[in-house]
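Below: one structure, written as structure tokens.
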Amino acid sequence: MQGSGPGERQVARNSRAEYKLSRAELVAAAVEQNREIWVRLGMRITGNRHDAEDAVQEAVSRVLAGVGDLPDVESAGRYLTRSVNHCAIDRVRARSRLTSFAEPGEPGPRLGSVAADQEERLVLREEETAEAAQVGEMLRRLKELPEAQREAVELLVLREPPLKLREASDLTGAPISTLHSRLQSALGNLREMLSENVH
Amino acid sequence: MHLSTEDLLDLIHGDTQVEDLDEQLNHMDRCRECADAYAVLVTLQAHREDALEALREAEADPTPNTIPFPTQAPRANRGWASKHLRLAATIAVAALLAVIIWTSPILQRGELVPASDLQAELVDLTTDQFVDTIGRPSSDAVRRAGEEQLLEGARQALLADQPEHVLELLSTVPPAQSDADYFRFYMGVAHYLAGQPEDAVTVLESLGDGSDSAILRQACWYRANALLRLGRTDESLQILDELAAPRLGLGAENFLFVFGSEAEALASEVRELLASTDAPR
Chain A
1 MQGSGPGERQ VARNSRAEYK LSRAELVAAA VEQNREIWVR LGMRITGNRH DAEDAVQEAV
61 SRVLAGVGDL PDVESAGRYL TRSVNHCAID RVRARSRLTS FAEPGEPGPR LGSVAADQEE
121 RLVLREEETA EAAQVGEMLR RLKELPEAQR EAVELLVLRE PPLKLREASD LTGAPISTLH
181 SRLQSALGNL REMLSENVH
Chain B
1 MHLSTEDLLD LIHGDTQVED LDEQLNHMDR CRECADAYAV LVTLQAHRED ALEALREAEA
61 DPTPNTIPFP TQAPRANRGW ASKHLRLAAT IAVAALLAVI IWTSPILQRG ELVPASDLQA
121 ELVDLTTDQF VDTIGRPSSD AVRRAGEEQL LEGARQALLA DQPEHVLELL STVPPAQSDA
181 DYFRFYMGVA HYLAGQPEDA VTVLESLGDG SDSAILRQAC WYRANALLRL GRTDESLQIL
241 DELAAPRLGL GAENFLFVFG SEAEALASEV RELLASTDAP R
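Chains as they are written, first to last, in the numbering used here: chain A, 1 to 199; chain B, 1 to 281.
Pasting the structure below:
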């Protein structure tokens with residue numbers, strides 16, 4: 001590059017190093033404060049600690065590799081909370097894909113957690129198969145919801161990016177309280193199926 | 001107190017503040033209802049593409065709503081345990097429907113509830129066979145079966161977000177004694193959803209303390225919302241505060257179940273609005 005001598009390049013390298021170090025320090029501080037909470041969030045989403053810890057690790061890596069300004073530890077914490085959430089959901093999604101493609105009767109592979117022995121893997125396989133059946137049933141029930149409830153689910157939950165209640169209210173013309181009721185009813189109907197399967 | 005809809009949506013989208021996360025996770029450790037609701041959201045998010053595809057399919061090929069009515073209170077109270085009585089009721093439904101179809105212009109336009117499986121089973125059953133089997137239904141059985149059919153039709157229309165149809169449907173038959181509360185409840189909710197808050201308040205107010213507890217709290221929720229629309233904030237806040245108070249016995253078995261926290265959230269939203277605008281109550 002013309003006009004950029006060795007001294008200037010050295011300055012640029014130093015700036016980048018300082019920037020990365022600063023980002024890494026902020027992330028490290030946020031992790032130290034909140035790691036256990038994020039692992040609990042991951043467990044709530046994935047259903048097991050191993051996947052939850054992997055999700056937190058992956059989220060930290062993503063945030064460290066990211067670009068953009070992280071002004072303080074709180075911002076890093078917010079960023080990481082969202083990232084842990086996404087990574088954990090990604091793991092649930094990946095797990096179900098692996099289950100779908102596994103041969104019948106064979107234990108499905110699990111990201112980041114190779115089971116200790118065959119028996120344990122078979123148990124995991126059974127759980128994943130049950131999970132896949134539950135997902136299929138939930139999607140069937142989703143199709144049977146009344147149109148207004150389906151719309152609430154699509155706008156508030158599935159749309160990328162999802163709408164806030166007020167935005168959805170502006171878009172549909174339905175009052176916020178009505179959207180509340182519709183989403184609650186939809187979740188209630190889908191949740192019933194979960195309860196039926198569990199009990 | 002349960003997690004609000006906003007809490008659950010923030011959680012699933014990763015927008016929860018870290019400082020609130022611990023408390024909400026603790027709540028879900030204790031509360032099966034919220035944990036299950038969150039599990040549903042996680043499943044939907046994890047299978048987002050499949051869920052969107054399911055919604056597209058549903059839109060392209062609408063099928064009749066087959067969701068069961070969670071509130072079983074009216075049926076449980078009737079004591080129709082006898083098999084013969086049940087059969088009598090189903091026959092009576094068919095008989096009443098025949099009369100209504102014969103006389104009602106609405107039904108002749110084909111706008112009412114689709115025939116249920118139950119009615120389809122009755123098509124081949126002749127009157128003689130019926131009499132041989134169980135005898136003729138009493139007029140009371142006919143009336144009650146008709147009520148049940150109408151209530152089910154109203155419920156389906158509400159679930160399908162067709163409040164005007166509920167009003168049309170229920171206006172064809174005057175409320176009967178045994179299910180008057182349910183008629184009024186559906187009518188009141190339909191008025192509210194149809195943008196007629198004044199009528200909603202009038203009808204829902206008529207549900208007294210002696211009404212079925214399964215609908216009373218829901219009726220109060222809609223009445224509070226209708227009052228808000230009418231600008232009667234003091235009355236609305238009083239109801240919302242009562243709903244927000246902890247109370248046992250409200251669960252997912254109710255139809256449009258309302259969490260106490262929803263009422264509390266709405267009440268505080270209204271108060272904040274009043275404080276910020278200094279609007280006259």
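C-beta atoms are modelled at their ideal positions from N, C-alpha and C, and glycine is treated no differently.
Partners in chain A for residue i, counting only beta-carbon separations shorter than 8 Å
| i | result |
| --- | --- |
| Y38 (chain B) | R44 |
| L25 (chain B) | I37, R40, L41 and R44 |
| L266 (chain B) | S177 |
Where residue i sits in the DSSP three-state scheme
| i | result |
| --- | --- |
| Q24 (chain B) | helix |
| H180 (chain A) | helix |
| E160 (chain A) | coil |
| H2 (chain B) | coil |
| T81 (chain A) | helix |
| C220 (chain B) | helix |
| T16 (chain B) | coil |
| Q45 (chain B) | helix |
| G66 (chain A) | coil |
| L165 (chain A) | helix |
| A54 (chain B) | helix |
| C31 (chain B) | coil |
| Q57 (chain A) | helix |
| Q162 (chain B) | coil |
| Q196 (chain B) | coil |
| R232 (chain B) | coil |
| L145 (chain A) | coil |
| W80 (chain B) | Below a pLDDT of 50, predicted positions are generally treated as unreliable, and W80 (chain B), at 42, falls in that range; the measurement from the model is reported next regardless. It is coil, neither helix nor strand. |
| L207 (chain B) | coil |
| D72 (chain A) | coil |
| N189 (chain A) | helix |
| A174 (chain A) | coil |
| G42 (chain A) | helix |
| G188 (chain B) | helix |
| N48 (chain A) | coil |
Buried versus exposed, by CB contacts within 10 Å (16 or more), residue i
| i | result |
| --- | --- |
| L3 (chain B) | buried |
| D72 (chain A) | exposed |
| D241 (chain B) | exposed |
| P197 (chain B) | buried |
| L64 (chain A) | exposed |
| R204 (chain A) | Residue coverage of chain A in this structure runs from 1 to 199, which leaves residue 204 (chain A) outside it and unanswerable. |
| D234 (chain B) | exposed |
| T5 (chain B) | buried |
| S61 (chain A) | exposed |
| V67 (chain A) | exposed |
| D170 (chain A) | exposed |
| A152 (chain A) | buried |
| L179 (chain A) | buried |
| S276 (chain B) | exposed |
| D124 (chain B) | Model confidence at D124 (chain B) stands at a pLDDT of 38, short of 50, so the residue's coordinates are unreliable; what they give is reported in the following sentence. So D124 (chain B) ends up on the exposed side. |
| E49 (chain B) | exposed |
| Q314 (chain B) | Residue coverage of chain B in this structure runs from 1 to 281, which leaves residue 314 (chain B) outside it and unanswerable. |
| E19 (chain B) | exposed |
Neighbour list for residue i in chain A, Cβ cutoff strictly below 7 Å
| i | result |
| --- | --- |
| R48 (chain B) | L158 |
| D298 (chain B) | Coverage of chain B is limited to positions 1 through 281, which leaves residue 298 (chain B) absent and any answer about it impossible. |
| V42 (chain B) | I45, I89 and V92 |
| A219 (chain B) | Neighbours of A219 (chain B) on chain A: none; closest Cβ ~13 Å, over 7 Å. |
| A58 (chain B) | K143 and R150 |
| L243 (chain B) | In chain order: nothing, as chain A lies at least about 12 Å away. |
| T16 (chain B) | T81 |
Cross-chain neighbours of residue i in chain B, by beta carbon under 8 Å
| i | result |
| --- | --- |
| P162 (chain A) | L9 and H13 |
| L64 (chain A) | Residues of chain B passing the Cβ test: none, with the nearest at roughly 18 Å. |
| G153 (chain A) | The amino acid occupying residue 153 (chain A) in the given sequence is Val; Gly does not appear at that position. Under the 8 Å cutoff, chain B gives L44, A51 and L55. |
| V27 (chain A) | The contacting residues do not exist; V27 (chain A) stays about 13 Å from chain B at best. |
Chain-ordered neighbours of residue i on chain B, where CB pairs are closer than 9 Å
| i | result |
| --- | --- |
| L165 (chain A) | T5, E6 and L9 |
| N48 (chain A) | Residues of chain B passing the Cβ test: none, with the nearest at roughly 13 Å. |
| R191 (chain A) | E33, D36, A37, A39, V40 and A252 |
Partner residues on chain D for residue i, Cβ-Cβ distance less than 7 Å
| i | result |
| --- | --- |
| D161 (chain B) | The structure shown contains no chain D; its protein chains are A and B. |
Proximal chain B residues relative to residue i, where beta-carbon distance stays under 7 Å
| i | result |
| --- | --- |
| V31 (chain A) | Neighbours of V31 (chain A) on chain B: none; closest Cβ ~11 Å, over 7 Å. |
| S169 (chain A) | By Cβ distance, chain B contributes nothing, its closest Cβ being about 13 Å from S169 (chain A), past 7 Å. |
| T178 (chain A) | L193 |
Chain A contact residues for residue i, given Cβ-Cβ distances below 9 Å
| i | result |
| --- | --- |
| M28 (chain B) | R44 |
| L150 (chain B) | Residues of chain A passing the Cβ test: none, with the nearest at roughly 19 Å. |
Practice task
Examine the Cβ distances between the stretch 181 to 201 of chain B and the stretch 146 to 161 of chain B and report whether three or more of them are shorter than 8 Å.
Solution key: As far as the Cβ criterion goes, the stretch 181 to 201 of chain B touches the stretch 146 to 161 of chain B, which means the pair count is three or higher.
Practice task
Examine the Cβ distances between the stretch 270 to 277 of chain B and the stretch 9 to 18 of chain B and report whether three or more of them are shorter than 8 Å.
Solution key: Touching, no, given that fewer than three Cβ pairs across the two stretches are closer than 8 Å.
Handout entry: Given 8 Å, three or more beta-carbon pairs between the stretch 62 to 81 of chain A and the stretch 47 to 54 of chain A
Key = With a cut-off of 8 Å, the stretch 47 to 54 of chain A and the stretch 62 to 81 of chain A do not count as touching, because too few Cβ pairs lie within range.
Problem - Interface positions of the stretch 54 to 87 of chain A facing chain B (Cβ-Cβ less than 9 Å), listed along the chain - result: For the stretch 54 to 87 of chain A, residues whose beta-carbon sits nearer than 9 Å to a beta-carbon of chain B comprise E74, G77, R78, L80, T81, R82, S83, V84, N85 and H86.
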